[in-house]
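Heads up: the structure comes next, in structure tokens.
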Amino acid sequence: MSSRLIDRVRNAQQNASGEGSGADDFARIKRDLHKEIVGSLDFEQVRKTPREELKQRLRRSLSDTIQNRQLPLNRAERDRMVDEILDEITGLGPLEPLLDDDSITDILINGPDTVYVERNGRLERASCRFNSEQHLMQIIDRVVSQVGRRIDESNPMVDARLADGSRFNAIIPPLALDGPMVSIRRFGNRPLTSDELVRSGSVPKPMLDLLHAATKARLNILVSGGTGSGKTTLLNCMSGFISDEHRIVTIEDAAELLLQQRHVVRLETRPANLEGHGRITAEDLLRNALRMRPDRIIVGEIRGVEAVDMLQAMNTGHDGSMSTVHANSSRDALSRVETMVGMGMPNTSDQRVREVISRALDVIVHLDRLPDGTRRVMAITEVAGMEGDVITTQDIFTFEQTGIDEHGHVMGHFSATGVRPTFAAKLARSGINLPPELFRYRKDVP
């Protein structure tokens, strides 16, 4: 265990001694026992003790205390109490059971008393809570300190990642008026496979086959969609189609991508230090990445002027690069990229900016989260070039929603538009010939 464990124990003891807000008997008993057990621990021994051994020791100590005090707790309640106390000492407190639940995709904390989780695309109130605002702040600080970041009044917003790769965002007072707010996006410890995405209904196999072909042929791909639409999940899946022989450089604000290739260089941005110095942006990392002899560059999300360097990389021998962008449609994705490139090239005409974009991008994959909570690829769109001063595009596959059934499930159909993409010639040069029936595909949902 790390040397921080002693501080965690003392913090946990402070939490246990605090007054709750209408806590039930179990919570009150746990708080009292927590205080007694933590007070009985030898801090030097705790630091050297493995988690499982510490758990057994806590269980014995708890059993003795319960027996001596004749508390009305059965074995299941004793075990639960041991787990919760151990979570407070060595883990993330009330978050631990939520993080162990694979059905949860988002955890949203609105202050110490209000926690929501998302399952199957729908939000529901969770039963857990934090002892106090101070308790929640200690958990936040524990997370961000593990990845070398900080959060305080001078730096009240932070992005970080948990040990399992989940994205962690926190914002605290004075920006958050009602107490600390936390958002956790779960990714798990392995990316979803293409077969799992097909089975879930997110993307039918013919559409995935086209994306596989586009990735293998080193087309430049932009994945667009709203928050929680599945952009990173799909990007992870498509990255699995990249040859194991390629050197891949990934650039992210908080590392989320789980590439399986053997030659991956992972880079992560860095915020400024306490003195306001040392900040490293995605733009800085992109420029450095170009000196690292990458075959492909993957940017977790383009948000600003780094879009210029990303497009220049795509235009200068780094074919097959990928990124994501927040947008409401494929066309909106182009507008967003145009805005970001314009910020980085302020003295360049709009037409010139669009020419840079049209030459760099080959495919836009747009996703959306539908009213029933499902996430689907809504369109695969080719960036075909320029007509005058307008970037031309053509949809190759689309999903059209036709209604909602009596069970609340979205009805609609995936279908090919019948358009054969102009990049089919590039696929052919890579030895990939798309079957004609691919462009006649149609599937009704559900």
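Residue numbers (the numbering used here): 825 to 1270. For glycine and all other residues, C-beta sits at the position ideal for the given N, C-alpha and C.
- Tyr940 is bridged by DSSP to Leu932 and Arg949.
- As DSSP reads the structure, Asn979 sits in a beta bridge with Asp976.
- As the crow flies, the alpha-carbon of Arg943 is around 5 Å from that of Ile928.
- The three-state secondary structure of Asn1152, taken from DSSP, is coil.
- Rounded to whole angstroms, Gln1225 and Met1235 show a C-alpha spacing of 6 Å.
- Assignment of Ala994 by DSSP, reduced to helix, strand and coil, places it in the strand class.
- As a beta-bridge residue in DSSP terms, Gly1236 pairs with Gln1225 and Val1269.
- For the 8 Å CB-CB criterion, Gly1025 and Val1269 form a contact.
- As DSSP reads the structure, Gln1218 sits in a beta bridge with Glu1206.
- For Asn898, the number of other beta carbons within 10 angstroms of its own is below 16, and it is reported as exposed.
- Taking a 10 Å sphere around the C-beta of Val941, we find 16 or more other C-beta atoms and assign the residue as buried.
- By the Cβ neighbour-count rule, Ser990 is buried, with 16 or more other Cβ atoms within 10 Å of its own.
- Residue pairing by DSSP places Met1005 opposite Asn934 and Ile995 in a beta bridge.
- Here Asp1133 is buried. Its C-beta has 16 or more other C-beta atoms within 10 Å.
- Cβ contact annotation for Thr1205 (same chain, cutoff 6 Å, sequence separation greater than five): Ser1154, Ile1188, Thr1217 and Asp1219, in chain order.
- Ranked by Cα distance from Glu1230, the first of Ile1256, Asp1196 and Val1214 is Asp1196.
- Taking the C-beta atoms as reference points, His1070 is found nearer than 8 Å to Gln1085.
- The continuous beta strand (DSSP E) containing Arg1193 extends over residues Val1187 to Arg1193.
- If you ignore the 5 residues before and after Pro1030, its C-beta comes within less than 7 Å of the C-beta of Leu1262 and Tyr1265, all in its own chain and listed in chain order.
- When DSSP states are grouped into helix, strand and coil, Arg1127 belongs to the coil group.
- With a 10 Å radius around the Cβ and a threshold of 16 neighbouring Cβ atoms, His959 comes out buried.
- Ranked by Cα distance from Asp1213, the options Gly1166, Arg1178 and Gln894 are led by Arg1178.
- In summary, Met1146 is buried, with 16 or more beta-carbon neighbours lying within 10 Å of its beta-carbon over all protein chains present.
- In the DSSP annotation of this structure, Thr1172 is not part of any alpha helix (DSSP H), being labelled neither H nor E.
- Between Gln1136 and Asp1174, the alpha-carbon positions lie close to 16 Å from each other.
- DSSP places Leu1046 in no alpha helix (DSSP H) but in the uninterrupted beta strand (DSSP E) bounded by Ile1045 to Gly1049.
- Residue environment for Gln880: exposed (fewer than 16 other C-beta atoms within 10 angstroms of its C-beta).
- By the criterion of at least three beta-carbon pairs nearer than 8 Å, the segment 1051-1059 is not in contact with the segment 1102-1117.
- Pairing Asp937 with Thr1172, the inter-Cα distance amounts to about 51 Å.
- Ala987 and Thr1246 have their C-alpha atoms some 43 Å from each other.
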